[in-house]
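Scroll down for the structure; my scribbles are underneath it.
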Amino acid sequence: MKNKIPEKARLLEKLRKNGFMVPDFIYVSADKFINEDFSLLDLFLDKHRESYKVIARSAHPLESEYNGGTFDSIETYADIGGIKYARNRMIKIAETSKQLSIQRQQKFNNAPEIDINEMGIVAMPFVNGSSVMAKMIFNNWEFGYCRNRTHKVQSEPFITKVPHDQRLLKLSEDIQKALGFKCEIEYIISAEGEIYVVQAKDISNIDTLEEKENECFIKLDGIRRMRKRRNYRERPVYVMDNKAFYINIISQCEDFVQEGKEPKPDINDVISSIKAYEKELESFALRHQRFAVLGFSIQDSSELYQIATHYLEESPELQKILSKALHKNLYKIDIFLAEADTLIAKDKFRINLCSHDAYGIDTVRNPLWSAYWSVDRHDEVIKEFLRLGFKTGDTIGIDIDAEGRPIISRH
């Protein structure tokens, strides 16, 4: 494994040799970090000191077996310390916030076991500009516009078959021809309009939803129906009610400080309740490859967080333990939400999309649906969900009516 050149570095080198505009880059294997052998890296960085920073891209020998965006790319200082920091951070993220994603891919996608300490990096100069992902979906090129590094105000990601620059279409065709397989390509468009190829990924063995569906239908000659159905999605659902969770924690904290309460609750009982909730989230995510989250309450916990920790003000050490556990819990909730491909919540809730999330191949296979209701109707809508008996483990259906509005049903 240690001698295997990661796909990211190997394909970039092939594209560079074929004359495509690839930024200067260097691949540094895990062995180089272990042995502190940075002579070539130091020469590379010396050429790019004027940039002050570089992009360190993950380059694990088994990375090609995982979805794009599983491992991180990090902007860092153009020195050895900055590169070492970026690699350590990639490893830490893989062991924490991306751990659930890695476990799910191993279970549902047959991704191999991975030693994250074999992580290498591909370093290249930082290029200011916008990120564009390109791939051919069912014989048509699509372009995903993800972010613009030069703009403070970011627009929503979007997908189009007509790129802003027609050179992207010809360039994508030429790259795919040169590599000899179907691929996903990441470009950076500089402020001056130069198109840099910064990554290519072999997706020839990945079935997309569109292609699978096209292979599994029979075309007939007509239909008569009373009611038109335009779009439909069905998923197992996790009902998230963080308000109820916090009220339970507050109740336990109240018992903890109440005089004369017997038997006296222990701080470990409170921590166990928090860990049980986290385990429930993880267990649900590992049971279902694709799932929905119905958000009765997702981000309404800041005031309740303060109330819970307030009860332990006279026991600073215990308050510190509780605060740390609740902070970690918020982190675990974010990780769980990132794995859902369907979100049903009030409209002020948004998931922050990075470039790969916005238009990686996994997004094409599992496009994110976000059905929402207005904030001013929140209490009314929640009462209706409760009246209909929605609970975790149900199968939820989302039907899009002729006016483009989602209709939710329980199965």
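Heads up, the sequence shown is in our numbering, so the first residue is 8 and it goes up one at a time.
Heads up, the beta-carbon is just placed ideally off N, CA and C, and yes, glycines get one too.
Enclosing alpha helix (DSSP H) for ILE256 [first to last residue]: 249-264
At 4 residues or longer, and completely inside the region 266-351: list those alpha helix (DSSP H) runs for me, N to C. 274-294, 309-317, 323-346
Using DSSP with H/G/I as helix, E/B as strand and the rest coil, what is ALA93? helix
Pull up the distance between the alpha-carbon of ALA198 and that of ASN135, whole angstroms please. 7 Å
Can you grab the Cα-Cα spacing for the pair GLY75 / PHE392, in whole Å? 36 Å
Please report the residue range of the alpha helix (DSSP H) in which VAL205 lies. It is not in any alpha helix (DSSP H) - VAL205 instead sits in the beta strand (DSSP E) that spans 202-209.
Inter-stretch contact (C-beta, 8 Å, three-pair minimum) for the region 53-70 and the region 81-92: yes
Put ASP181 into one of helix, strand or coil per three-state DSSP. helix
Reference ASP401; option with closest CA among ILE314, TYR338, HIS295: HIS295
Selected residue, minimal CA-CA separation from GLU201, among LYS189, ALA185, LEU178: LEU178
ASN147 - DSSP class collapsed to helix/strand/coil: strand
If you measure between the beta carbons of PHE303 and ASP354, is that distance less than 7 Å? no
From this set, HIS385, LYS390, ILE182, GLU285, which residue's C-alpha is nearest LEU22's C-alpha? ILE182
Quick test of your reading: LEU175 and ALA207, contact by CB under 8 Å. State the CB separation rounded to the nearest angstrom. Rounded, the Cβ-Cβ distance is 14 Å, inconsistent with contact.
Helix, strand or coil at ALA37 [DSSP, three-state]: helix
Suppose you measure from the CA of ASN89 to the CA of LYS105; what does that come to, to the nearest Å? Sequence inspection shows Gly at residue 89; the Asn mentioned does not correspond to that position. Approximately 22 Å, taken between the alpha carbons.
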